[in-house]
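Here the protein sequences come in this chain order: V and W.
Residues in the first sequence are numbered from 0 upward in steps of one, following numbering that gives the first Met the number 0.
Residues in the second sequence are numbered from 0 upward in steps of one, following numbering that gives the first Met the number 0.
Where is the CB? At the ideal position from N, CA and C, for every residue including glycine.
Treat the numbers as computed from the prediction; the structure is a model and nothing was measured.
Single-structure report; data block below.
There are 2 protein chains.
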Amino acid sequence: MTEKKKKPTSFDVAKLANVHRSAVSRALSGKGRVSEETRERVMKAAQELGYRVNYLARGLHDQNSGLVGLVASRLDTPYRALQVKVAARELLAQGYCPILIVAEGDMTLPGLIDRLLNYNVAGMIVTSDSPPAEIIDECKRLAVPVVLVNRDLRGTEADRVQLDIQASGQLAFEMLYEAGGRRFAVLEPKEQTYTVTGRARVFADCCRAAGLPVTVISPQRQNYPDGLEAAELFQDSGSEADAVFCTTDLLALGFLDGLRVRQGCRIPEDLQILGYDDIEQAGWLGNDLSTIRQDAGAAAVLAVELMQARIEDIDRPFEVATIPIAPVWRGTTRKKDAP
Amino acid sequence: MTEKKKKPTSFDVAKLANVHRSAVSRALSGKGRVSEETRERVMKAAQELGYRVNYLARGLHDQNSGLVGLVASRLDTPYRALQVKVAARELLAQGYCPILIVAEGDMTLPGLIDRLLNYNVAGMIVTSDSPPAEIIDECKRLAVPVVLVNRDLRGTEADRVQLDIQASGQLAFEMLYEAGGRRFAVLEPKEQTYTVTGRARVFADCCRAAGLPVTVISPQRQNYPDGLEAAELFQDSGSEADAVFCTTDLLALGFLDGLRVRQGCRIPEDLQILGYDDIEQAGWLGNDLSTIRQDAGAAAVLAVELMQARIEDIDRPFEVATIPIAPVWRGTTRKKDAP
DNA sequence: TTGAAAGCGCTAACAG
DNA sequence: CTGTTAGCGCTTTCAA
């Protein structure tokens, strides 16, 4: 065990290779000009010592740690988990390292973001539910690029990747209408969320514009249990609806279970149901939920691109990229081709 | 727009507060002794300038960045997502910052871990499926604490947090036996995994030890689609089993759907089913899956504790902590109290 | 092409 | 209690 605990530095490599530290830096970073021979000697020495560049030191020097904040909440929710996964992967693929900040719980988001800022992050990707506007401002003050994914934060200027709310609500209406729905209901959670609330309203507007009735049901939040709650509310409301837009798959799945299991309702015979997101569970045989797919992979790629673009030019105009969506016909609506 | 783009340093604060930089450091870190008056002046100046300590510089100085690697795979799977969430939260709560490394995809794990090491991480928590032993060795060489969560990696020495495999398989057997099962089957994925394969085998052993028949069904992997596959395999096998241990909830849910939806099987009347993990979806009304809960929160806390203990004393003996488990009786088994 | 030297921002040990 | 000083490990001009 003659192993030294101390990690080798570029100085050690230099000594072993009989060159100066700066030569080591040049050889390994490939930045400056180095003779082939020197390069090889350095490489060998580095190899031998198990040397690795200290990114902290490098970051300290050129003000860029390569770290990126990835701020998310409700990470145990299928869609969010997917979002974080693809974002992390994309970041990693582009040479960044994502620092994961999970917002929920007792820890306060501003405090956590603060910590992030202490690391000189190259940027931040935020999918959290409620990022206080102040922190966005603080980031701007520090010239840290922030990309908001499906967040509103009206009034704050930042690059965004988001769903087309108008198109979403409208597509939902069209799908249910095409499937034969004529009396509608929509789930609009009390606890508001930019995209969810948005598409619920657009959907309702579409119904009204078509001169068709629409009942608004308001569960507390937007998860599975809230879907169950919504099923009760729906029943209590005595609504005559024959088609319901559930605004998130989790809501839809809860609603579906509440209706089927507790109320013995037949889907889609008695009632057609449409979700939103296309989480994996929507495709499970027992659920077979018709829904609208939100392309998480594309969203992640867009977010990272926007971030990089702003890193390169901090003063460029703010941009909004749109996440692609697509209808997914499954068993909770009547066949599209046989309405 | 008189804003300077340059971030303020401790030097700027010192200047404004009319003290030396070291005083600033002391005042803000609370480490050394500072007079009340100085502290206040520094605080005010720091506030005014929007100063924040540069952790990179600090880390460079005391060889500890406060960064921790969180290595995970299959992040879009409910249990894993939960695991990552609680681990990240615990890390954050303890003052660390988790760097999220997602293992799957084309990016090779060793390369990513390498990058992690460049950041002088204080430690690593690994829940990934297949962390090559070499990287663990590399970490040890660099004196970076590694905690393995539910990973085997026999031969490598590291702290671990893991399920009691023996107890798990046995509990599964006891539950199904208590519920009235007498002819068993168990799902043991071809693609082996330490804990999953382990409990499958222990379960089978328990059956045999009790002199009761047990059929082993081997789907490819351990996710929902594999559960569906297992249902087909099960039917083809012509097994007479009346109780099946599914080894993961995802498998169980797929198996359940395959049986119910495709084969019109009645659960639990025709067949009892037991899962493992207690993911959120197991509790959904439409599934109502009996299972064994694995306490992810406790596991995360244990993992972080182990990591901290090793940070404090790198030479302490390796430790293995056990994740608590508990039976969860739901509707896919007959009532425990009425077998 | 290579070496020398100046920092990046912070902290801790040491004087005063 | 406060200022001075010496690095932490790396990169990058600037000369040679």
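If you measure between the beta carbons of residue i and residue j, is that distance less than 8 Å?
{"i": "LEU270/V", "j": "LEU258/V", "result": "yes"}
{"i": "ASP248/V", "j": "TRP283/W", "result": "no"}
{"i": "ASP294/V", "j": "PRO323/V", "result": "yes"}
{"i": "ALA102/V", "j": "VAL148/V", "result": "no"}
{"i": "GLN169/W", "j": "CYS205/W", "result": "yes"}
{"i": "GLY253/W", "j": "GLY285/W", "result": "no"}
{"i": "PHE183/W", "j": "VAL213/W", "result": "yes"}
{"i": "TYR50/V", "j": "VAL12/V", "result": "yes"}
{"i": "ALA302/V", "j": "ALA86/V", "result": "yes"}
{"i": "PHE202/W", "j": "ALA171/W", "result": "yes"}
{"i": "VAL67/V", "j": "ILE98/V", "result": "yes"}
{"i": "GLU187/W", "j": "ALA178/W", "result": "no"}
{"i": "ALA26/W", "j": "MET42/W", "result": "yes"}
{"i": "LEU141/V", "j": "LEU115/V", "result": "no"}
{"i": "ALA298/V", "j": "ALA80/W", "result": "no"}
{"i": "ALA121/V", "j": "THR155/V", "result": "no"}
{"i": "THR196/W", "j": "ILE266/W", "result": "no"}
Taking all protein chains shown into account, do 16 or more other C-beta atoms lie within 10 angstroms of the C-beta of residue i, making it buried, or fewer, making it exposed?
{"i": "SER34/W", "result": "exposed"}
{"i": "GLN62/V", "result": "exposed"}
{"i": "PRO338/V", "result": "Summary for PRO338/V: the model assigns pLDDT 41, below 50, so the residue's position carries little reliability, and this model does not support an answer."}
{"i": "LYS84/W", "result": "buried"}
{"i": "THR107/V", "result": "exposed"}
{"i": "GLY263/W", "result": "exposed"}
{"i": "SER72/V", "result": "buried"}
{"i": "ILE124/V", "result": "buried"}
{"i": "GLN219/W", "result": "exposed"}
{"i": "MET0/W", "result": "With a pLDDT of 35 at MET0/W, under the threshold of 50, the modelled position of this residue cannot be trusted; read the value that follows with caution. Exposed, by the Cβ-count rule."}
{"i": "GLU279/W", "result": "buried"}
{"i": "ILE134/V", "result": "buried"}
{"i": "GLU268/V", "result": "exposed"}
{"i": "PHE10/W", "result": "exposed"}
{"i": "MET306/V", "result": "buried"}
{"i": "ASP276/V", "result": "buried"}
{"i": "GLN191/V", "result": "exposed"}
Could you tell me which of the options sits nearest to residue i, measuring between CA atoms?
{"i": "ARG309/V", "options": "ASP158/V, TYR223/V, PRO188/V", "result": "ASP158/V"}
{"i": "ILE164/V", "options": "GLU137/V, LYS30/V, TYR193/V", "result": "TYR193/V"}
{"i": "ALA92/V", "options": "LEU111/W, ALA298/W, ALA92/W", "result": "LEU111/W"}
{"i": "VAL300/V", "options": "ASN286/V, THR321/V, GLN234/V", "result": "THR321/V"}
{"i": "ASN17/W", "options": "ASP128/W, ASP314/W, THR37/W, GLY31/W", "result": "THR37/W"}
{"i": "TRP328/V", "options": "SER289/V, GLN219/V, LEU27/V, LEU250/V", "result": "SER289/V"}
{"i": "CYS245/W", "options": "TYR223/W, PRO77/W, ASP235/W", "result": "TYR223/W"}
{"i": "LEU15/V", "options": "ALA45/V, LEU27/V, ARG25/V", "result": "ALA45/V"}
{"i": "ALA209/W", "options": "ASP314/W, GLY104/W, TYR176/W, LYS30/W", "result": "TYR176/W"}
{"i": "ASP235/V", "options": "LEU250/V, ALA242/V, SER217/V, ALA251/V", "result": "SER217/V"}
{"i": "LYS189/W", "options": "ARG88/W, GLN82/W, GLN221/W", "result": "GLN221/W"}
{"i": "ILE291/V", "options": "VAL120/V, VAL143/V, THR76/V, ALA166/V", "result": "ALA166/V"}
{"i": "ILE313/W", "options": "ARG150/W, GLU173/W, PRO144/W, GLY29/W", "result": "PRO144/W"}
Between which two residues does the beta strand (DSSP E) containing residue i stretch?
{"i": "GLN191/V", "result": "Run containing GLN191/V: none; DSSP gives neither H nor E here."}
{"i": "THR37/V", "result": "No beta strand (DSSP E) holds THR37/V; the alpha helix (DSSP H) holding it covers 35-48."}
{"i": "MET106/V", "result": "Where MET106/V is concerned, there is no enclosing beta strand (DSSP E), given that its DSSP letter is neither H nor E."}
{"i": "PHE183/W", "result": "183-186"}
{"i": "VAL213/W", "result": "213-216"}
{"i": "GLN219/W", "result": "Per DSSP, GLN219/W belongs to no beta strand (DSSP E) and is neither H nor E."}
{"i": "ALA325/W", "result": "324-327"}
{"i": "GLN271/V", "result": "271-273"}
{"i": "ALA242/V", "result": "242-244"}
{"i": "VAL260/W", "result": "Here VAL260/W belongs to no beta strand (DSSP E), and DSSP marks it neither H nor E."}
{"i": "GLY68/W", "result": "66-71"}
Taking residue i and residue j to be in contact with their CB atoms under 8 Å, please state how far apart those CB atoms are, rounded to whole angstroms.
{"i": "CYS96/V", "j": "TYR118/W", "result": "7 Å"}
{"i": "PRO7/W", "j": "LEU48/W", "result": "4 Å"}
{"i": "ARG181/W", "j": "LEU162/W", "result": "26 Å between Cβ atoms; not a contact."}
{"i": "VAL243/V", "j": "VAL319/V", "result": "Not confirmed; about 30 Å, so no contact."}
So residue i is in the alpha helix (DSSP H); what residue range does that whole segment cover?
{"i": "GLN307/V", "result": "295-311"}
{"i": "GLY122/W", "result": "Here GLY122/W belongs to no alpha helix (DSSP H); instead the beta strand (DSSP E) covers 122-125."}
{"i": "PRO77/V", "result": "77-92"}
{"i": "GLN234/V", "result": "223-235"}
{"i": "LEU252/V", "result": "248-256"}
{"i": "ARG140/W", "result": "132-140"}
{"i": "ALA22/V", "result": "20-28"}
Mind checking whether the beta-carbon of residue i lies closer than 7 Å to any heavy atom of the ligand ZN?
{"i": "LEU288/V", "result": "Among the components modelled here there is no ligand, and therefore nothing to report on the ligand ZN."}
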